[in-house]
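Asks: Here the UniProt record's numbering is used: position 36 in the sequence shown is 36, and no number is missing along the way. Using N, Cα and C, we set each Cβ at its ideal position, and we do this for glycine too.
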Amino acid sequence: MEDSAIPSLSMGEVGSRFVSSDEIETARARRDEQWKAAYARLGQEPPPQPQADAYDGRSLAEKLAANRAAKQEEWEEKSKLANQFRALEEDEIMFLDSIREREEAEEKARRERDGEEVKGFKEAVAARLQMSNAPPPSIASSSAAKPLAPKKDIKPPTVMKKDTKKLTLKGVVVKKKKPAAGKTPASAEVTKTVRSWDTDHSTGDEPSTKRRRVSES
Numbered sequence: 001m002e003d004s005a006i007p008s009l010s011m012g013e014v015g016s017r018f019v020s021s022d023e024i025e026t027a028r029a030r031r032d033e034q035w036k037a038a039y040a041r042l043g044q045e046p047p048p049q050p051q052a053d054a055y056d057g058r059s060l061a062e063k064l065a066a067n068r069a070a071k072q073e074e075w076e077e078k079s080k081l082a083n084q085f086r087a088l089e090e091d092e093i094m095f096l097d098s099i100r101e102r103e104e105a106e107e108k109a110r111r112e113r114d115g116e117e118v119k120g121f122k123e124a125v126a127a128r129l130q131m132s133n134a135p136p137p138s139i140a141s142s143s144a145a146k147p148l149a150p151k152k153d154i155k156p157p158t159v160m161k162k163d164t165k166k167l168t169l170k171g172v173v174v175k176k177k178k179p180a181a182g183k184t185p186a187s188a189e190v191t192k193t194v195r196s197w198d199t200d201h202s203t204g205d206e207p208s209t210k211r212r213r214v215s216e217s
């Protein structure tokens with residue numbers, strides 16, 4: 001069988017779909033020249049061109065399978081993080097705030113109650129120590145504690161002076177006797193003598209009679 005009988009790939013519709021590597025390199029070199037010429041007209045340095053992808057000898061099915069596996073792994077990672085972290089809703093936030101406020105109020109009340117108990121305990125201990133260390137009360141301190149009553153001015157007793165002129169008589173001698181049991185006191189004797197003198201004076205008797213009567217008494 002001759003070679004002319006074998007159809008060529010470059011001929012016909014099938015051959016027009018393929019491009020040789022030489023043509024690709026020629027087209028790439030032409031594009032680079034045009035790129036540099038354009039920046040040269042602008043007076044700028046051309047930026048570095050991106051590197052071409054390295055040759056991958058895998059088949060299309062292998063490439064698609066690798067891409068599918070990468071996407072699946074990425075989706076699983078996102079779903080895993082989404083399940084762990086989720087934004088709270090408004091009602092959940094309000095519920096948590098109410099719980100927090102209630103716990104703060106209970107904690108504040110507990111601290112105040114503990115503070116009052118500690119204060120009362122300290123006051124009781126201080127009072128007990130003060131009572132144990134205080135000296136026993138003395139009589140002087142107890143008397144000094146009582147308010148003193150205002151002193152009243154004590155007036156000296158007035159001595160009633162007897163009118164001695166009435167009792168002093170001419171020629172009358174008054175004898176003072178000590179009071180004895182069953183006898184009249186001296187004041188009664190003097191009164192009796194005075195009365196007898198008045199009686200004698202009114203009748204006109206002599207002083208000698210008066211002396212006799214006084215002596216007899």
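So, Glu45 versus Tyr39, is the Cβ gap smaller than 8 Å?
Replies: Locating residue 45 in the sequence shown gives position 45, counting from the first residue. Locating residue 39 in the sequence shown gives position 39, counting from the first residue. Yes.
Asks: If you reduce the DSSP assignment to three classes, tell me which class Arg68 lands in.
Replies: In the sequence shown, residue 68 corresponds to position 68, counting from 1. Helix.
Asks: Expressed to the nearest angstrom, what Euclidean distance is found between the alpha-carbon atoms of Glu112 and Val118?
Replies: Here residue 112 refers to the residue found at position 112 when the sequence shown is read from its first residue. Here residue 118 refers to the residue found at position 118 when the sequence shown is read from its first residue. Straight-line Cα distance between these residues: approximately 10 Å.
Asks: Taking the C-alpha atoms as reference points, what is the distance between Arg31 and Glu76?
Replies: Your numbering for residue 31 matches position 31 in the sequence shown. Your numbering for residue 76 matches position 76 in the sequence shown. Cα-Cα distance, rounded: 43 Å.
Asks: In angstroms with no decimal places, state the Cα-to-Cα distance between Ala65 and Gln84.
Replies: Along the sequence shown, one-based indexing puts residue 65 at 65. Along the sequence shown, one-based indexing puts residue 84 at 84. In a straight line, the C-alpha of Ala65 is about 29 Å away from that of Gln84.
Asks: Could you check which residue in Lys36, Ser98, Gly57 has the C-alpha nearest to that of Gln49?
Replies: Sequence index remark: in the sequence shown, residue 49 carries index 49 (1-based). Nearest option by C-alpha distance: Lys36.
Asks: Can you tell me which of the three DSSP states Leu96 falls into?
Replies: Within the sequence shown, residue 96 is the residue found at index 96, counting from 1. DSSP places Leu96 in helix when its eight states are reduced to three.
Asks: Taking just the CA atoms, how far does Asp56 sit from Lys63?
Replies: If you number the sequence shown from 1, residue 63 lands on position 63. If you number the sequence shown from 1, residue 56 lands on position 56. Approximately 9 Å, taken between the alpha carbons.
Asks: By DSSP, does Gln44 sit in helix, in strand, or in coil?
Replies: For the purposes of this step, residue 44 is taken as the residue at position 44 of the sequence shown. DSSP places Gln44 in coil when its eight states are reduced to three.
Asks: Helix, strand or coil for Arg86 per DSSP?
Replies: What you label residue 86 is simply residue 86 of the sequence shown in a count that begins at 1. Residue state, collapsed to three classes: coil.
Asks: Use the C-beta contact count for Lys183: other C-beta atoms within 10 angstroms, 16 or more gives buried, fewer gives exposed.
Replies: Here residue 183 corresponds to residue number 183 of the sequence shown, with the count starting at 1. Reliability of the predicted coordinates at Lys183 is poor, the pLDDT of 48 falling under 50, and no value is obtained from them.
Asks: To the nearest angstrom, report how far apart Glu104 and Ala87 are at their CA atoms.
Replies: Sequence index remark: in the sequence shown, residue 104 carries index 104 (1-based). Sequence index remark: in the sequence shown, residue 87 carries index 87 (1-based). The straight-line gap from Cα to Cα measures roughly 25 Å.
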